[in-house]
Amino acid sequence: MRKQNLMQRFITGAKKGIFTPTLPNNILKIHNNFITRIFRILGGISILLILTHRLEYLGEGLLYPTALVLCTVLALFFGLYLIFITYHRFKYIIKILKSDELDIRNSL
1 MRKQNLMQRF
11 ITGAKKGIFT
21 PTLPNNILKI
31 HNNFITRIFR
41 ILGGISILLI
51 LTHRLEYLGE
61 GLLYPTALVL
71 CTVLALFFGL
81 YLIFITYHRF
91 KYIIKILKSD
101 ELDIRNSL
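As numbered in UniProt numbering, residues 1 to 108 make up the sequence shown, in order.
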């Protein structure tokens with residue numbers, strides 16, 4: 001009986017933790033916007049291109065410095081975006097932990 005009660009409490013807590021948002025609604029709207037999703041994809045690809053040195057395969061012409069500057073700018077803005085999202089995520093999670101939103105009421 002005790003193991004079943006413990007497992008039931010674990011499942012209830014896991015469901016509550018999974019379905020609790022980690023960002024406020026106004027930032028979630030921006031985060032899930034189509035343009036922001038494209039920016040996140042391009043930012044991630046540009047960081048991967050810079051870290052793996054795949055841009056060097058473009059050669060020594062005008063294409064290499066142009067692509068390098070474009071990827072660097074995208075990676076910089078993407079890094080700032082990630083810092084912004086992480087800051088607001090921590091701030092919102094602390095707010096949730098201090099409030100009663102995560103409390104699970106037992107109806108029995």
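In this text, a Cβ means the ideal position worked out from N, Cα and C, and glycines have one as well.
If distances are taken between C-alpha atoms only, which option among the options comes closest to residue i?
i    : options             : result
I50  : Y64, F39, D100, K29 : Y64
F78  : E101, H53, R54, I38 : I38
C71  : I96, N32, I45, D100 : I45
E101 : N5, L6, G13         : G13
I85  : L28, K15, L97, G59  : L28
I30  : S99, I93, H88, I96  : H88
Please report how far the alpha carbon of residue i lies from the alpha carbon of residue j, in whole angstroms.
i   : j   : result
L23 : L48 : 26 Å
P21 : Y81 : 19 Å
L62 : E56 : 12 Å
Would you grab the beta carbon distance between residue i and residue j for me? Rounded to a whole angstrom, and I think it's under 8 Å.
i   : j   : result
L42 : L74 : 6 Å
Which stretch, first to last residue, makes up the alpha helix (DSSP H) that contains residue i?
i   : result
N33 : It is not in any alpha helix (DSSP H) - N33 carries neither H nor E in the DSSP assignment.
T72 : 63-98
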